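Scroll down for the structure; my scribbles are underneath it.
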Amino acid sequence: MLLHIGKDKALKMAKVLYLKCTRCGATYEFDINLKLCKKCGSGLSIELSYDSKFEQLNSQFGLWKFAPVLPEVKEKFRISLGEGNTTLHRSKRIEKELGIKELFLKDETIEPTGSYLDRSSALFVSFALAQGIRRIITYSTGNLGASLAAYSSKAGISLQAYVKQGIDLGKLYQMIAYGANVSVVETFKELKGKNGTATVTEYDPLVNEAKKTIMEEVFFQLNSRLPDYVIVPMGEGGLAYATYKALDELRILEDTRDKKTRIVGVQPEGCEPIVKAYSRALNSVELEVSPKTRIFDLSVTNPKFGNAALSAIRETEGIATSVNEEEILDAISLLAEKEGLLAEPAASLTIAALRKLIEQREISKESTIVCFVTGSGLKDPRILKELALRKSNLGELIEELSGGKMLNSTKMKILKILSEKDVYGYQIWKELREKYALSIKIPTVYQHLFDLINEGYVEKSVTLTTSGRKRTYYKLTDKGKALI
Ligand SMILES: [Zn+2]
Numbered sequence: 219m220l221l222h223i224g225k226d227k228a229l230k231m232a233k234v235l236y237l238k239c240t241r242c243g244a245t246y247e248f249d250i251n252l253k254l255c256k257k258c259g260s261g262l263s264i265e266l267s268y269d270s271k272f273e274q275l276n277s278q279f280g281l282w283k284f285a286p287v288l289p290e291v292k293e294k295f296r297i298s299l300g301e302g303n304t305t306l307h308r309s310k311r312i313e314k315e316l317g318i319k320e321l322f323l324k325d326e327t328i329e330p331t332g333s334y335l336d337r338s339s340a341l342f343v344s345f346a347l348a349q350g351i352r353r354i355i356t357y358s359t360g361n362l363g364a365s366l367a368a369y370s371s372k373a374g375i376s377l378q379a380y381v382k383q384g385i386d387l388g389k390l391y392q393m394i395a396y397g398a399n400v401s402v403v404e405t406f407k408e409l410k411g412k413n414g415t416a417t418v419t420e421y422d423p424l425v426n427e428a429k430k431t432i433m434e435e436v437f438f439q440l441n442s443r444l445p446d447y448v449i450v451p452m453g454e455g456g457l458a459y460a461t462y463k464a465l466d467e468l469r470i471l472e473d474t475r476d477k478k479t480r481i482v483g484v485q486p487e488g489c490e491p492i493v494k495a496y497s498r499a500l501n502s503v504e505l506e507v508s509p510k511t512r513i514f515d516l517s518v519t520n521p522k523f524g525n526a527a528l529s530a531i532r533e534t535e536g537i538a539t540s541v542n543e544e545e546i547l548d549a550i551s552l553l554a555e556k557e558g559l560l561a562e563p564a565a566s567l568t569i570a571a572l573r574k575l576i577e578q579r580e581i582s583k584e585s586t587i588v589c590f591v592t593g594s595g596l597k598d599p600r601i602l603k604e605l606a607l608r609k610s611n612l613g614e615l616i617e618e619l620s621g622g623k624m625l626n627s628t629k630m631k632i633l634k635i636l637s638e639k640d641v642y643g644y645q646i647w648k649e650l651r652e653k654y655a656l657s658i659k660i661p662t663v664y665q666h667l668f669d670l671i672n673e674g675y676v677e678k679s680v681t682l683t684t685s686g687r688k689r690t691y692y693k694l695t696d697k698g699k700a701l702i
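If you read the sequence shown in the numbering used here, its first letter stands for residue 219, the second for the next number, and so on.
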């Protein structure tokens, strides 16, 4: 057990006081359906009063260990699928490769639905349940919808998820499997939740509040120690802000004021409004006019916590940086090959940035660094395929298995090989092994060739003698060519 366990004290949760704009400071009475500041349109933060300290962290399950610093939800309404309490790996091999003193990976890929947002869904759905809400509507780029779908089904609440065309397939499958009603729309528009209905957005105050617990867990997992740097991905900027808020709570409740943790926020090249504001020393984040990134979850043109994230980075003397797709794919490989973690692109951004900042000497190698790895790579079959095509010589097989080509039998594979050039039997056997990972006996290859000749798809071409060996070459007939 890494967390302190409370003794005989009854667990108290934090009381919600009000909502406060993270940019202009305007305050509002808490309303589950109020998402943005009415004055400036920025994200809202939940202001809480803490009755307890972290020492009272309890033996509760999942996220609810952090009940003392979360908005109050009575125990009978708390939903959990075992989120939170994720592993903090010491990353010895990447550490060695990059020459870093200490590197840790906060592995959120092992959350119940494969994303750090399970913490957020546990809090939101439980809170909604306690308020008597029976229906939840969400606009999601993917992970949040998939996660809410699981938690809503556990709570017996119905979920309507609105998604956009470019959604990662795995996340769409998840939503459907968990029983959500999914609709594809062109743009997300703000819907007002009516009685008994709550809306959830990526920049939701409750969704964001739960993200604090990642940094707080890290602190206790490091035996009440803070790293020099924490590297987080940024879309709406909510995680960077929540991490800042967590550091603030630790300062108040755990007296960590002597230690400064710098927040590093990373965006994908092509959609990097927060990074632009940081590097141009602007006072506020400007709209990204024409976003060009395939990292769909982070393609946010007008981040609602953008200014809050920018302030968090500046105040902690951190860094905002962006990485390109090539660097992200390399980072996915690095994480998988060196640490056994399969992360989605949006989650691998932090590793890509780490490598870059170490190489550019923006971050000293003598640092203790924590990278958040926010979601699992299994959700994104398109990127996995791209990676597999890049890394292996099984291109033909992968294309076939993923439905890219209509080859469906060994005979079709032989025809495909013959469509490229005339070859002899042994060479066909070899190509079946190398291109399709298909291990069959050589006589079986000749049996297939015999059948294909009988069916009129293949004919013998020439017989040549090479190094004293007679080799019969085969070629496609017109019928065979037509089939291919
Ligand atoms: Zn405001």
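Just so you know, even glycine gets a beta-carbon here, dropped at the ideal spot from N, CA and C. On a predicted model such as this, the values are computed, not experimentally measured, just so you know.
- The alpha-carbon separation between K648 and L612 amounts to approximately 13 Å.
- When only Cα atoms are considered, T511 and G453 end up about 12 Å apart.
- Taking 8 Å as the cut-off, the beta carbon of Y369 is found closer than this to the beta carbon of A340.
- Residue state for F345 is assigned as helix, using DSSP reduced to three classes.
- Your pair T662 and V676 does not check out as a contact, with CB atoms roughly 15 Å apart and the cut at 8 Å.
- Note that the C-beta distance between T305 and D336 is not below 8 Å.
- In the structure shown, I351 falls within a coil segment according to DSSP collapsed to helix, strand and coil.
- Setting aside the 5 residues that flank it on each side, K463 is surrounded in the same chain by K430, each with a C-beta closer than 6 Å to its C-beta; the list follows chain order.
- When rounded, the separation of the alpha-carbon atoms in A348 and K389 is 27 Å.
- Using a Cβ distance threshold of 8 Å, L235 and L262 do not count as a contacting pair.
- Under the three-state reduction of DSSP output, I531 falls in the helix class.
- Taking the C-beta atoms as reference points, E293 is found no nearer than 8 Å to G280.
- Each of C239, R241, C242, A244, C255, K257, C258 and S260 has a C-beta closer than 6 Å to some heavy atom of ligand 1; these make up the full list, in chain order.
- In the three-state scheme derived from DSSP, where H, G and I count as helix and E and B as strand, N399 is classed as strand.
- Exclusion of the five residues before and after L457 leaves K429 and V450 as the residues of its chain whose Cβ lies within less than 6 Å of its Cβ.
- By the 16-neighbour rule on beta-carbons within 10 angstroms, R475 is exposed.
- Distances from the alpha-carbon of A232 to those of K238, L288 and R241 put L288 closest.
- Between R600 and L387, the alpha-carbon positions lie close to 8 Å from each other.
- With respect to the 8 Å criterion, T539 and L575 are classified as neighbours on the basis of their beta carbons.
- Here the segment 636-655 makes contact with the segment 677-691; the two share three or more CB pairs at distances below 8 Å.
- Three or more Cβ pairs closer than 8 Å define a contact, and the segment 512-519 meets that threshold against the segment 350-360.
- A contact between stretches requires three or more CB pairs, one per stretch, nearer than 8 Å, and the segment 544-559 meets this requirement with the segment 589-606.
- Only residues of its own chain outside the window of five on either side were considered, and among them D386, G388 and E562 have a CB closer than 6 Å to the CB of D598, listed in chain order.
- For R480, the enclosing beta strand (DSSP E) begins and ends at R480 to P486.
- Three or more beta-carbon pairs drawn from the segment 480-492 and the segment 514-534 are found closer than 8 Å, and the two stretches are therefore classed as touching.
- DSSP, reduced to helix, strand and coil, places Q378 within a strand of the structure shown.
- Relative to E545, the option among T568, L559 and G524 whose CA is nearest is T568.
- About 29 Å separates the beta carbon of N303 from that of T417, a gap too long to meet the 8 Å contact definition.
- In this structure, the CA atom of Y691 is about 13 Å from the CA atom of F668.
- Residue range E543 to E557 is occupied by the alpha helix (DSSP H) that includes D548.
- Listed as beta-bridge partners of D325 by DSSP are V591.
- Taking all protein chains shown into account, Q485 has 16 or more neighbouring C-beta atoms within 10 Å of its C-beta and is therefore buried.
- DSSP, reduced to helix, strand and coil, places P289 within a strand of the structure shown.
- A straight-line Cα-Cα distance of about 12 Å links A346 and V425.
- When the alpha-carbon of I632 is set against those of K699, R352, N520 and H307, the nearest one is in K699.
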